[in-house]
Amino acid sequence: MSTQVATNEKTHRKLSRVEIVGLVVLVLSLIGLFVNPGFIGGVFDAMVNRAKSIVSNVYLVGTLGTAIICSVMTGRILERLGLTDALLRVFMPLAKLIGVNPAVVVPGVYNILGDINAAGRISGPVLKKAKATKDEQKIAICTMVQSQQSFSTFMLGLIALSTAKVWAFPVIIVGLFLPLIVVPLILSKTIWRNTKPVEFGDIPRMTPTTKIMDTIFGGAREGAELMFLLLIPAAAVVFAFIGALDYIGVWKAIESGMGSVLQAVSIEPKTGLLSVLASPTLAMATLKDMAAGVDPRMVVGSFILAASGFPLQVIFGQIPAVWSQASDLSGLEAMGAAVLGMVIRIISAIFMALVITPLLI
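Spelled out as structure tokens, the structure:
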């Protein structure tokens, strides 16, 4: 009797939430196949065609792939020549002066020449070793996303600024370097106030000790890995979904709405969308080719937006995953700091476009 009861319990297993979702998807798929068999195939074809137009024509055949490899190589050469350590020498005393652990600037400085994943893996343990509080670790993430995660974004952005006849020097100083001090200052006095200035002489040197030729070829290989293992898959995923939404007929409305908002705050709509959804590097590659015919305010706004922790998959995926392993923060805490950082970056882009740019042209 007990065996029969156990058998009935196993036979009548309660439906889980995911099984209900799966059944709904199955029913909708069958209805779709019955009513319009070509719809599903059409969606997939639209996804492939939209993604192919970016992956093939921009990354593989266009100049962007080569630019990424060359820029990462250049960044690693500058890092090998001690530029990262030099920047830390400048900003760490200033961080101590405003009353925070000097280690909070390490991720932001490293991110200028490195990438956002390496910045987290390297800087997280540094912050823990420096006995940075959880508030200070959140400030570090918020500060880190104020700068570009790829040196190629910086180099292509410089070309765009020059094409638009904008004086790049003050844009770089105010838009990239000043936030390394201003953001920790504001956050330490408002939201995350559990901070303390400490002596910190144990920070590891960021300058690698590899031989110069190994640095050059290693940087080129890293650039290729960045393109094939991160940027191309990310672009393919995003533009595949855009292709599907476009086939369904809703993407135009979404694109128009987001573009209108970006244009209203003086950020070039097309490249702003690319920065948020796909790749800031791709956005700057697009901007440099069209900058001559674009309002300089929008060029600056788009550059500042691209020189950040965007796209969205970095904010909601990569940063929580990396920092939850490398720091004292949970994935949710790291994500929250990154989201706040991106809000600050959007405000910075608007400020640079509307207030600073008119003074430079």
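Heads up, the sequence shown is in the numbering used here, so the first residue is 38 and it goes up one at a time. Backbone N, C-alpha and C define an ideal beta-carbon position, used for all residues, glycine too.
Express the C-alpha separation of proline 216 and valine 235 in angstroms, rounding to a whole number.
21 Å
Please name the residue in Ala132, Leu65, Ile68 and Met110 whose C-alpha comes closest to that of aspartate 251.
Met110
How long is the line joining the alpha carbons of alanine 402 and isoleucine 68, rounded to whole angstroms?
Outside the displayed range of the chain (38 to 398) lies residue 402, so it cannot be described from this structure.
Please name the residue, chosen from Ile304, Gln186, Asn138 and Val58, that lies closest to glutamine 350 on a Cα-to-Cα basis.
Cα-wise, what sits closest to glutamine 350 is Gln186.
Count Cβ pairs between the stretch 163-173 and the stretch 191-207 that sit closer than 8 Å; are there 3 or more?
no
Looking only at C-alpha atoms, which of Ser297, Leu299 and Gln183 sits nearest to serine 345?
Gln183
Kindly confirm or deny that the stretch 284-302 and the stretch 319-328 touch, where touching means at least three C-beta pairs closer than 8 Å.
Result no; under three Cβ-Cβ pairs closer than 8 Å.
Within the continuous alpha helix (DSSP H) that includes lysine 289, where are the two ends?
288-301
In this structure, how does DSSP classify asparagine 73 when only helix, strand and coil are distinguished?
coil
Indicate whether the contact test is met: 3 or more Cβ pairs, each with one atom in the stretch 117-133 and one in the stretch 189-196, closer than 8 Å.
no
Are there 16 or more other CB atoms within 10 angstroms of the CB of serine 66, so buried, or fewer, so exposed?
exposed
Which residue wins for smallest C-alpha separation from threonine 244, given the options Gly102, Thr121 and Val62?
Between threonine 244 and the set Gly102, Thr121 and Val62, the nearest pair of CA atoms involves Thr121.
For the candidate residues Leu125, Val137 and Ile135, whose alpha-carbon lies nearest to that of glycine 145?
Leu125
Taking the alpha carbon of glutamate 262 as the point to measure from, which residue in Val61, Pro221 and Thr103 has its own alpha carbon closest?
Among Val61, Pro221 and Thr103, the Cα nearest to that of glutamate 262 is on Thr103.
Between the stretch 135-144 and the stretch 217-230, do three or more beta carbon pairs fall short of 8 Å?
Yes, the stretch 135-144 is in contact with the stretch 217-230.
Which whole runs of the alpha helix (DSSP H) in the stretch 141-165 are 4 residues long or more, in chain order?
143-150
Fully enclosed by the stretch 205-267, which alpha helix (DSSP H) runs are 4 residues long or longer?
205-209, 216-226 and 249-263
Does DSSP put serine 385 in a helix, a strand or coil?
helix
For leucine 282, I'd like the list of residues in its chain whose CB is within less than 6 Å of its CB, leaving aside the five on either flank, ordered along the chain.
If you ignore the 5 residues before and after leucine 282, its C-beta comes within less than 6 Å of the C-beta of Trp288, all in its own chain and listed in chain order.
So, with DSSP's three-state summary, where would you put glutamine 183?
coil
State the DSSP-derived secondary structure class of proline 348, mapped to helix, strand or coil.
coil
Less than 8 Å separating the beta-carbons of lysine 165 and aspartate 326?
no
When the Cα of glycine 280 is compared with those of Arg54, Val85, Asn73 and Leu52, which residue comes out closest?
Val85
Give me the Cβ distance between isoleucine 356 and methionine 379, rounded to the nearest whole Å; I'm assuming they're in contact under 8 Å.
The pair is not a contact, with the Cβ atoms about 10 Å apart (cut-off 8 Å).
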